[in-house]
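The listed protein sequences derive, respectively, from chains A and B. Per this note's numbering, the first sequence starts with residue 31, numbered consecutively. Per this note's numbering, the second sequence starts with residue 26, numbered consecutively. Single-structure report; data block below.
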Amino acid sequence: MIPRYQKIVFVVLLVVSIAMGAVLVRLRERAHERLLKGEDLAPTVAPEVAPEVQATLMVANDVDGTLVAEARSLPLPVDAEARARALLGQLLEVYAGPGATHPVPGVPRAVLQVFLLPAQAADGKADRQAGGQLAVVDLAGAFADGHPSGILTETLTVESICGTLHANLPRVAQVRFLVDGKARATLAGHADLTRTYLTADQDVAGASPGTGAKP
Amino acid sequence: MTPHSKPLLGRISGWIAAGALTAASMAASGQAFAQGPAQVPAAPAQPNAPAVPQRVAPALRFVVVLDAAHGGDDGGGQVGGSVAEKTVTLELSVRLRSLLAARGFWVVTTREGNVNLDSDARAQIANHATFGAGDAACLSLHASEAGTGVHIFVSSLEPAAAPRFLAWKTAQSAYVSRSLKLAGTVNSALEQSSSADGGDANAAPIPATLARASLPGLDSMTCPALAIEMAPLRDADRKIVTDVTDSDYQAKVAQALAAALLEWRSDAAPDSRPDSRVGAQP
Numbered sequence: 031m032i033p034r035y036q037k038i039v040f041v042v043l044l045v046v047s048i049a050m051g052a053v054l055v056r057l058r059e060r061a062h063e064r065l066l067k068g069e070d071l072a073p074t075v076a077p078e079v080a081p082e083v084q085a086t087l088m089v090a091n092d093v094d095g096t097l098v099a100e101a102r103s104l105p106l107p108v109d110a111e112a113r114a115r116a117l118l119g120q121l122l123e124v125y126a127g128p129g130a131t132h133p134v135p136g137v138p139r140a141v142l143q144v145f146l147l148p149a150q151a152a153d154g155k156a157d158r159q160a161g162g163q164l165a166v167v168d169l170a171g172a173f174a175d176g177h178p179s180g181i182l183t184e185t186l187t188v189e190s191i192c193g194t195l196h197a198n199l200p201r202v203a204q205v206r207f208l209v210d211g212k213a214r215a216t217l218a219g220h221a222d223l224t225r226t227y228l229t230a231d232q233d234v235a236g237a238s239p240g241t242g243a244k245p
Numbered sequence: 026m027t028p029h030s031k032p033l034l035g036r037i038s039g040w041i042a043a044g045a046l047t048a049a050s051m052a053a054s055g056q057a058f059a060q061g062p063a064q065v066p067a068a069p070a071q072p073n074a075p076a077v078p079q080r081v082a083p084a085l086r087f088v089v090v091l092d093a094a095h096g097g098d099d100g101g102g103q104v105g106g107s108v109a110e111k112t113v114t115l116e117l118s119v120r121l122r123s124l125l126a127a128r129g130f131w132v133v134t135t136r137e138g139n140v141n142l143d144s145d146a147r148a149q150i151a152n153h154a155t156f157g158a159g160d161a162a163c164l165s166l167h168a169s170e171a172g173t174g175v176h177i178f179v180s181s182l183e184p185a186a187a188p189r190f191l192a193w194k195t196a197q198s199a200y201v202s203r204s205l206k207l208a209g210t211v212n213s214a215l216e217q218s219s220s221a222d223g224g225d226a227n228a229a230p231i232p233a234t235l236a237r238a239s240l241p242g243l244d245s246m247t248c249p250a251l252a253i254e255m256a257p258l259r260d261a262d263r264k265i266v267t268d269v270t271d272s273d274y275q276a277k278v279a280q281a282l283a284a285a286l287l288e289w290r291s292d293a294a295p296d297s298r299p300d301s302r303v304g305a306q307p
């Protein structure tokens with residue numbers, strides 16, 4: 031025979047456990063909502079209230095395989111990472127537009143995020159003394175999946191992203207790519223996305239693609 | 026694929042490809058052959074070639090490796106409306122192989138049919154075939170709807186002196202200077218392409234675009250290597266005049282490439298050894 035006080039303790043513990051479970055589920059949902067809200071706060075398009083500044087887009091041309099510097103006046107956020115993301119969003123919108131010299135199908139939020147980190151030295155460690163930055167560009171899977179396949183077109187997309195970042199954020203010396211937050215072998219079957227791209231060669235506007243690479 | 030996830034055999038054979046080949050690496054490359062890619066010794070001087078194809082070209086031969094990109098499950102891009110890139114690259118490879126064979130080249134192809142081959146296996150085949158050869162050239166053949174004419178790509182790796190062991194993912198860095206020279210030769214041949222085929226002398230040459238690119242496979246090759254991408258011919262309004270599936274266009278490109286390789290072979294300087302100078306520029 032189970033004593034009465036033990037039954038009461040058991041029931042109380044059961045109720046407390048269920049209550050704690052419910053609270054945990056609710057807290058998890060709140061944290062998830064907060065994360066999503068944080069993502070949405072990083073703008074793909076700069077807010078209209080931001081002051082317009084001169085920006086340079088390195089626009090690719092499939093016909094002659096070149097990058098051409100186009101100066102534009104754009105409202106860009108002050109934060110460097112948000113600015114980089116907005117710039118790349120503008121660049122990819124140019125490619126998705128009619129009559130583009132480098133046609134690439136557009137997708138919503140093609141650039142998920144851009145992270146700016148200290149550049150890596152040859153040994154793979156952070157090279158803080160040099161002052162350069164490594165930009166990690168996280169592309170949307172839908173963008174990579176819909177990108178036209180071909181060495182020229184894929185290379186030009188990669189080079190124009192690197193060039194645009196370096197033209198507007200001169201401290202960006204290296205660029206790496208992720209797709210949906212993960213490493214991916216190639217953009218659409220050709221251009222290597224596992225490498226770190228060096229932006230030093232992008233100083234000359236109108237140059238043919240040819241950014242250096244290191245493993 | 027990260028370097029750490031590469032097959033161990035692939036990395037080992039790549040590291041030693043430019044140095045001393047061991048029995049282990051020979052076995053590794055032999056396994057790659059057995060899995061699908063065909064090696065075609067095209068030597069007209071030896072009409073009675075052995076039934077079992079030789080894996081390594083005789084010393085001092087000029088070896089050309091033709092890598093028809095994609096294949097098997099990997100169709101590549103869509104060209105000419107609905108044709109898979111892998112089909113066009115194989116057609117171009119077969120055409121070029123015949124032309125080169127007729128000119129006395131020792132030709133090795135990475136595939137002769139619709140088989141799966143990853144980029145590491147292609148580089149393994151190229152490195153194995155060119156090891157010990159007198160001279161060599163490796164061409165990775167591609168096709169695309171973007172751009173116009175023929176796009177010639179050299180690895181974007183910085184030129185470097187050949188160390189004792191080459192890292193698999195950057196092995197091409199020891200050959201970049203020579204690859205750039207080969208690209209110049211191919212570019213010149215394409216500029217002369219309209220008269221080279223004996224056709225209409227007034228026809229415009231095939232437009233060529235020279236560029237650098239970072240491509241898996243090409244960056245691991247230990248030979249002067251190029252990626253050749255065929256694109257449609259376009260008019261002034263950027264409308265397609267001749268598609269990459271056009272057999273005459275393919276033949277013209279193949280003839281220009283064969284002419285370039287002839288010139289490359291006849292040049293006294295070329296050989297398949299790594300660049301001799303650190304940071305050598307073309």
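Even for Gly, the Cβ is constructed at its ideal location relative to N, Cα and C.
Task: Short CB-CB distance (under 7 Å) between residue 178(A) and chain B - done: Yes, residue 178(A) counts as interfacial toward chain B.
Task: is_contact[residue 305(B), chain A] using C-beta, thresh 7 Å - done: Reliability fails at residue 305(B), whose pLDDT of 35 lies under 50, so the model's placement of it is uncertain and the value that follows must be treated cautiously. Chain A contact via Cβ: absent.
Open item on the list: Here's the rule I'm using: 16 or more other beta-carbon atoms within 10 Å means buried, otherwise exposed. How should residue 60(A) be labelled?
Closed with: Exposed, since its Cβ has fewer than 16 Cβ neighbours within 10 Å.
Task: Option in 158(B), 240(B), 260(B), 201(B) with minimal Cα separation from residue 86(B) - done: When each option's Cα is compared against that of residue 86(B), the closest is 158(B).
Task: residue 43(A) burial status per 10 Å Cβ neighbour count (16 or more: buried) - done: Classification of residue 43(A): exposed, given that the 10 Å Cβ count is below 16.
Open item on the list: Strictly by DSSP, which residues pair up with residue 212(A)?
Closed with: As computed with DSSP, residue 212(A) is found in a beta bridge with 209(A).
TODO: Decide yes or no for the touch test of the region 208-217 of chain A against the region 92-111 of chain A: beta carbon pairs closer than 8 Å, at least 3 of them.
DONE: Touching, no.
Open item on the list: Just to make sure I have the definition right: I need the residues of chain A whose C-beta is within less than 8 Å of the C-beta of residue 234(B). Which are they?
Closed with: Taking a Cβ-Cβ threshold of 8 Å, the residues of chain A close to residue 234(B) are 94, 95, 182, 238, in chain order.
Task: DSSP-derived helix/strand/coil call for residue 163(B) - done: Strand at residue 163(B).
Open item on the list: Taking contact to mean 3 or more Cβ pairs, one atom from each stretch, closer than 8 Å, check whether the region 127-143 of chain B and the region 200-209 of chain A are in contact.
Closed with: Cβ pair count under 8 Å is below three, so no.
TODO: Run down chain A in chain order and give the residues with a C-beta less than 7 Å from the C-beta of residue 173(B).
DONE: The contacting residues are 93.
Task: residue 181(B) in three-state terms, based on DSSP - done: In the three-state scheme derived from DSSP, where H, G and I count as helix and E and B as strand, residue 181(B) is classed as coil.
- [ ] Please work out which residues of its chain come closer than 6 Å, Cβ to Cβ, to residue 115(A), disregarding the five sequence neighbours upstream and downstream, and give them in chain order.
- [x] Closer than 6 Å at Cβ, skipping near neighbours: 141, 144.
TODO: Can you tell me which of 100(B), 146(B), 125(B), 199(B) puts its alpha carbon nearest to the alpha carbon of residue 190(B)?
DONE: In this structure, 199(B) is the residue among 100(B), 146(B), 125(B), 199(B) with its C-alpha nearest to the C-alpha of residue 190(B).
Open item on the list: Suppose you measure from the CA of residue 6(B) to the CA of residue 134(A); what does that come to, to the nearest Å?
Closed with: Examination of residue 6(B) is not possible in this model, given that chain B is present from 26 through 307 alone.
- [ ] Confirm, please, whether the CB-CB distance from residue 170(B) to residue 89(B) is below 7 Å.
- [x] Result no, Cβ atoms of residue 89(B) and residue 170(B) do not sit closer than 7 Å.
Open item on the list: Just to confirm the assignment, what range does the alpha helix (DSSP H) spanning residue 205(B) have?
Closed with: Start and end: 201-216.
Open item on the list: Once DSSP output is grouped into helix, strand and coil, what is the label at residue 239(B)?
Closed with: It is coil, neither helix nor strand.
- [ ] With a floor of 3 residues, list each beta strand (DSSP E) that falls wholly inside the region 114-164 of chain B, ordered by position along the chain.
- [x] The qualifying runs are 131-134.
Task: Contact with chain A by residue 176(B), beta-carbon distance below 7 Å - done: Look at residue 176(B): its C-beta is under 7 Å from a C-beta on chain A.
TODO: Measure from the alpha carbon of residue 91(B) to the alpha carbon of each residue in 151(B), 269(B), 178(B), 97(B), then state which is nearest.
DONE: It is 151(B).
Task: Cα-Cα separation, residue 65(A) to residue 172(B) - done: Residue 65(A) and residue 172(B): Cα-Cα distance of roughly 42 Å.
TODO: For chain B, find out if any of its Cβ atoms is closer than 7 Å to the Cβ of residue 185(A); answer yes or no.
DONE: Closer than 7 Å to some Cβ of chain B, the Cβ of residue 185(A) qualifies, so yes.
TODO: Please decide whether residue 219(A) counts as near chain B, where near means a Cβ-Cβ distance under 7 Å.
DONE: Cβ-Cβ to chain B under 7 Å: yes for residue 219(A).
Open item on the list: Starting from residue 134(A), trace the beta strand (DSSP E) in both directions and tell me its first and last residue.
Closed with: Segment: none, residue 134(A) is in no beta strand (DSSP E) and carries neither H nor E.
Open item on the list: Cutting at 8 Å between CB atoms, please list the residues of its own chain near residue 93(A), excluding the five before and the five after it.
Closed with: Cβ neighbours of residue 93(A) beyond the five flanking positions: 131.
Open item on the list: Give me the residue from 192(B), 252(B), 155(B) with the minimum Cα distance to residue 185(A).
Closed with: 252(B) is the residue among 192(B), 252(B), 155(B) whose C-alpha sits nearest the C-alpha of residue 185(A).
- [ ] Using a cut-off of 9 Å between C-beta atoms, extract the partners of residue 254(B) located in chain A.
- [x] Residues of chain A whose Cβ lies closer than 9 Å to the Cβ of residue 254(B) are, in chain order, 180, 181, 182, 220.
Open item on the list: Could you check whether residue 166(B) and residue 93(B) sit closer than 7 Å to each other, using their CB atoms as the reference points?
Closed with: Yes. Within cutoff.
Task: Among 186(B), 149(B), 213(B), 203(B), the one whose alpha carbon lies nearest that of residue 175(B) - done: Of the listed residues, the one whose Cα sits closest to residue 175(B) is 213(B).
Open item on the list: Determine whether the beta carbon atoms of residue 106(B) and residue 139(B) lie at a separation below 7 Å.
Closed with: One thing to note: residue 106(B) has its Cβ no nearer than 7 Å to the Cβ of residue 139(B).
Task: residue 102(A) (DSSP reduced to helix, strand or coil) - done: Residue state, collapsed to three classes: strand.
Open item on the list: If you measure between the beta carbons of residue 101(B) and residue 179(A), is that distance less than 7 Å?
Closed with: Yes.
Open item on the list: Short of 7 Å Cβ to Cβ, which residues in the region 201-219 of chain A face chain B?
Closed with: Those would be 213, 215, 216, 219, in chain order.
Open item on the list: Closer than 8 Å is the cut-off here; do at least three beta carbon pairs connect the region 226-240 of chain B with the region 282-289 of chain B?
Closed with: Verdict: no, contact absent.
Task: DSSP three-state assignment for residue 191(B), whether helix, strand or coil - done: Correct three-state label for residue 191(B): coil.
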